[in-house]
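Here's the structure we're looking at; comments come further down.
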Amino acid sequence: MAVAKGAPARGALLSIRLPRTRGATLAFYVVRRIFWMIPVLLFVITITFVLMHLAPGSPWDRGGGRQLSPAVVANLNNKYGLDKPIWQQFLIYVWNVAHFDFGLSYQYINQTVTSVLLESWGATFTVGVLAFILIVPAGIGLGVIAALRQNTWVDFLCVGFSTFGAAVPNFVIGILLIIIFSVELYQVTGGNVFLPPGGFGFDDHLILPVITLAVLPIAYIARLARSSTLDVLRQDYVRTAWAKGLRERLVVMRHVLKNSLIPVVTALGPTFAFLITGSVIVETVFAIPGIGRSFVVAVSSRDYPMILATTILYSVLIAVANLIVDLLYTVIDPRVRLS
Amino acid sequence: MAAPLLRVTDLKTQFFTSRGVVHAVDGVSFEIGKGETVAIVGESGSGKTITALSILRLVPDPGRIVSGSIMFKDRDVVTMDHDEVREFRGNDVAMIFQDPMTSLNPVTRVGTQIEEAMSAHERFSKKESHDRVVPLLTKVRIPEAKKRISDYPHQFSGGMRQRAMIAMGLSNEPEMLIADEPTTALDVTVQAQIIQLLKTLNRDVGAAIVLITHNMALVASLAQRVIVMYAGRIVEQGPVEQIFDSPQHPYTWSLLQSVPRVDQARSERLVSITGLPPDLVRMPPGCKFNPRCRFKIERCQREEPPLGEVAPNQLARCWVLMRNVTDDEKKDAKRAEVSSQAVAHIKEQTGTA
Amino acid sequence: MAVAATNTLEQVDWENPEQIGLWQDAWQRFRRNPIAVIGLIIVAIITLSAIFARIVFAFHLPFLPDYLAQDPANADLGFFSKGHILGSDYLGRDMLSRLLYGAGISLTIGVLTQVIYLVIGAAIGLTSGYLGGRADNLLMRFVDVWYAFPDLLFLLVVVSVFGASLFTIFFAIGLIYWVDLARLIRGQVLSIKEKEYVEGARAAGSSPMKIILRHLVPNSLGPVIVALTFGIPRAIFLEATLSFLGAGIVPPTPSWGVMIHDGYESIFAHPVEVLLPAVAIAITMLSFSFIGDGLRDSLDPRMRR
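Protein chains in written order, with my numbering: chain A, 1 to 339; chain B, 340 to 692; chain C, 693 to 997.
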């Protein structure tokens, strides 16, 4: 049945006159994706919430014979709403979260979780951003150059680095770096030159943690960039480019890279996720006062609101990052964009 | 005869693989004259594509041109340095490839890809290159060329892509265009159009065309001369009418048997050649075609025949020569081909192959 | 002489080159890959040593000092001192024994979690692929959502909730990465479903599930083996990280992660105590990665001769 362009379909629930432009399709895609994030988040919250409350013992257990009196416990339970039935607690929680209220922390008396998060996010953010700035050019550069100069020492360096970087756990790398650059360097130079093994500051305190955090993603991206570039180099259209007599630089920039970097972009999503989980480890190894470290502390002290809030925060960040990466992908690949 | 545009002398291109040295092109010599259309035919593995790639010094790793010379006018392509070769490619000699879908960069606009073919060389400035794109596309009969230059390859149809490639190839007005299986990836109706286009362009532009194909019908409609290759060597060459009329090498003869002909009696079955192309690392002694040849004599298995003149302008590499084969033997050969095909077919069906 | 030569050459059948089976081919290719072979050798050595150590400890044989025996008087010794081949830690316990015991833990966790992945992943992948349609869609959405959960966080939370026994850790790690296997198997099932012989066999009356299973195993065995091989170092990594953060195996049981956790405090004074388990983890993970890479290359049908 012929319908005029843009006219609402007969019997449609929502009669919205939609412009059939590219922008509209893209906007729809974004909206749909954001929409999907909600059930995912709800899932995450539910699972975490359930797990929290499955745990034996209560957050007030002090262990070692220094139990609080039942009256105090009852008071605390009341104050934190722990005496209500579980499903009520859950609903209240979800409602609060929608208003960005993550409750009070169990460990830091009378401090809201939000305030604790606000205190510690700066350090995590700094280290994460710096690592990212290091990862993208280093990873892509290493991978591409290795592919272009296959079987030379650069290639072996890249493959070697990728294999080791991906196989050695990051806290091992962190520890090794500390041993080399803090301990040994200290001893060798009589205490004059060394890199600090922990703490946080906008100076050389950042060097070791940023490197440690960046190693695995660089290895991963370099390997991907290398294999993607090698694949592209074998393609017919690259042969066409050479046959036209183009200069090497043009062939590489316009014909090779434009194609080989597309899969690398999709790897940025998992990279971001890794920066998040990696930061937990790195902050612990290097004693950085960030969200990751507070998460570990929260886990061991059963600070449920803290744990919940951090998990939610991380999941949101990862979901947003994945969304951005997907959007980026649709923009840079014209085959996807124009269909 | 006027000096040839291209003279290839004893070209040897080899691939150094872990399994051994592959003699892809093993001592090939031929000439192409100005404005000529020459076809190089053979099955896959015969070395025809590598020969073409060698002319442009585009042999991929682990291959290398090992010896021989490729004289284009007065310069030897084999000894050119890097910058000379770059200038030479796409400019003096251009090449278009088999599958236009994979031969065009999917993420760059078609107009840009044609323009860069010109601006890469000294002849046209950036502006001139830009301005020449639309007329070029129009010349190869792409409708609405002005809109089309901002399109991406996947927005073109198969035939249009091949035309765009041809436009790209001719953009610098090369003296020679090498077309590697230009119609194989296209469907039949489009094939005819492209062939027509090539013919017209050859006439109007005056470029020599080297057509690489395994399709004998294509050769008949386009080429003036044909070079038949097998196992990296030339086994026959000569004017098209002459070769089609009386092929002297058994391989050429078999190739022609497999072309359906309007004047053929319907009861005569199409024959294809049994057996596989030789392993280019370990080749049989004597004539390289002998394992699959129906007319061989004892000498063929011992000694490789040289390329000799068997008729005016026609060369063939054979001890026997088809003119010495009786019609009965030919009939027997056809029957044998047919029946061995039948046997192979039956074996396949019953899983006893 | 010439005749003999011709005879030999004629025996070669120029028309029928040889074909080799996939597994023999894969093994040959694997053998020729020096890095993969080294990985295999190292893993074999580690496995044998771990088994040896377990036997020694179980039967109290005199070859190794007890891995739990503390001896504060002889703490922090260097290599080859007082019967401690690799020195002792801050409580005087023998490093070598602890390392070997930890090897057993890591390997066990590494391998057993793969079993869990396989079971869960195969079940879901098979079901999803077989059912197709909406059920498949739903399951895949579920898979995507599950994947969205940051792995370490999930682990930490689960372990904090359920306590840090070996079993919990197994289970928790097993719950994270089955997604990859599920997707892999589902993909295989889907592509088998598309092939014509399924329709043909169904028309002939045999159950589609049987057909799928018959074709699934040989086709997916390769990628599944590779995935599992790469899964082992991932599991080892997770356990080590957990233990290092104090949320994993409970001391004094010496998993490598626990050893790093213990030695971390004396990192300045005695870096060796942290270095040894760290290097052990690195080498083990690397070796499995090498094997995995080698397997993947040698099972890759595109690279066959």
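Using N, Cα and C, we set each Cβ at its ideal position, and we do this for glycine too.
Exercise. What number of angstroms, rounded off, separates the C-alpha of Arg724/C from the C-alpha of Pro401/B?
Worked result: 20 Å
For this session: Determine the direct distance from the alpha carbon of Phe181/A to that of Asn322/A, and round the result to whole angstroms.
Result: 35 Å
Problem set entry | Arg605/B at chain A interface by Cβ criterion, 9 Å | Legend: pLDDT at Arg605/B = 49, less than 50; position of this residue unreliable, value from coordinates given subsequently. Not one chain A Cβ lies under 9 Å of Arg605/B.
Exercise. From the beta carbon of Phe854/C, is the nearest beta carbon of chain A less than 9 Å away?
Worked result: yes
Exercise. Excluding five sequence neighbours on each side, which residues of the same chain lie with their C-beta closer than 7 Å to the C-beta of Ser510/B?
Worked result: Ile453, Ala456, Met457, Arg471 and Leu475
Problem set entry | Own chain residues within Cβ distance below 7 Å of Ser279/A, not counting five before or after | Thr124, Val127, Gly128, Leu213, Gly290 and Gly292
Problem set entry | Endpoints, the beta strand (DSSP E) within which Pro295/B is located | Outside the displayed range of chain B (340 to 692) lies residue 295/B, so it cannot be described from this structure.
Exercise. Counting along the chain, where does the beta strand (DSSP E) carrying Leu654/B start and finish?
Worked result: Gln653 to Ala655
Exercise. Got a sec: which bits of the segment 622 to 641 of chain B sit with their beta carbon under 8 Å from any beta carbon on chain A, in order along the chain?
Worked result: none
Exercise. Three-state secondary structure (DSSP) at Val472/B?
Worked result: helix
Problem set entry | Option nearest Lys670/B by Cα separation, candidates Phe628/B, Ser593/B, Asp422/B and Leu397/B | Ser593/B
For this session: Starting from Val446/B, find everything on chain A with Cβ-Cβ shorter than 7 Å and list it in chain order.
Result: Lys258, Asn259, Asp333 and Pro334
Exercise. How would you call Val331/A, buried or exposed, if buried means at least 16 neighbouring beta carbons within 10 angstroms?
Worked result: exposed
Exercise. Using the beta-carbon of each residue, which ones in chain A are nearer than 7 Å to Gly938/C?
Worked result: Ser300
Exercise. Are the C-beta of Asp155/A and some C-beta of chain F separated by less than 9 Å?
Worked result: You won't find chain F in this structure, because its protein chains are A, B and C.
Problem set entry | Residue closest to Pro217/A, alpha-carbon to alpha-carbon, out of Ala167/A, Phe202/A, Ile175/A and Asp231/A | Ala167/A
Problem set entry | Residues from the segment 161 to 179 of chain A in contact with chain C, defined by Cβ distance under 8 Å | Thr163, Phe164, Ala166, Ala167, Val168, Pro169, Phe171, Val172, Ile175, Leu176, Ile178 and Ile179
Exercise. Quick one: Cα of Ser383/B to Cα of Val398/B, how far?
Worked result: 16 Å
Exercise. Which ranges would you report for the beta strand (DSSP E) in the segment 403 to 456 of chain B if only whole runs of at least 3 residues count?
Worked result: 432 to 435
For this session: Quick one: measure Cβ to Cβ for Ser947/C and Gly802/C, integer angstroms, because I've assumed they're closer than 8 Å.
Result: With 8 Å as the limit, Ser947/C and Gly802/C do not qualify as a contact, their Cβ atoms being about 12 Å apart.
For this session: For my contact list, Arg656/B and Arg572/B are in at a C-beta cut-off of 8 Å; report their separation, rounded to the angstrom.
Result: 7 Å
For this session: Determine the direct distance from the alpha carbon of Val807/C to that of Ile734/C, and round the result to whole angstroms.
Result: 22 Å
Problem set entry | Extent of the continuous beta strand (DSSP E) run through Lys627/B | First-last for Lys627/B: undefined, no H or E at that position.
Exercise. Thinking C-beta only, is Gly160/A closer than 9 Å to Ile221/A?
Worked result: no
For this session: Could you tell me whether any Cβ in chain A is nearer than 9 Å to the Cβ of Ala736/C?
Result: no
Exercise. So which residues of chain B does Ala267/A contact, with C-beta pairs closer than 8 Å?
Worked result: By Cβ distance, chain B contributes nothing, its closest Cβ being about 18 Å from Ala267/A, past 8 Å.
Exercise. Are the C-beta of Ala309/A and some C-beta of chain C separated by less than 9 Å?
Worked result: no
Problem set entry | Three CB pairs or more closer than 8 Å across the segment 924 to 934 of chain C and the segment 839 to 856 of chain C | yes
Exercise. Is Tyr329/A close to chain C, meaning its C-beta is less than 9 Å from at least one C-beta of that chain?
Worked result: no
Exercise. When the cut-off is 9 Å and only beta carbons count, does Ala146/A lie next to chain B?
Worked result: no
Problem set entry | Three-state secondary structure (DSSP) of Phe355/B | strand
Exercise. Would you report the Cα separation of Arg358/B and Leu619/B, rounded to the nearest angstrom?
Worked result: 11 Å
Problem set entry | Beta carbon proximity, Thr933/C to chain A, threshold 9 Å | yes
Exercise. Closer than 9 Å, CB to CB, is Ile86/A near chain C or not?
Worked result: no
Problem set entry | Residue range of the unbroken beta strand (DSSP E) whose run includes Ala378/B | Thr376 to Val380
Exercise. Is the CB of Ser981/C under 9 Å away from at least one CB in chain A?
Worked result: yes
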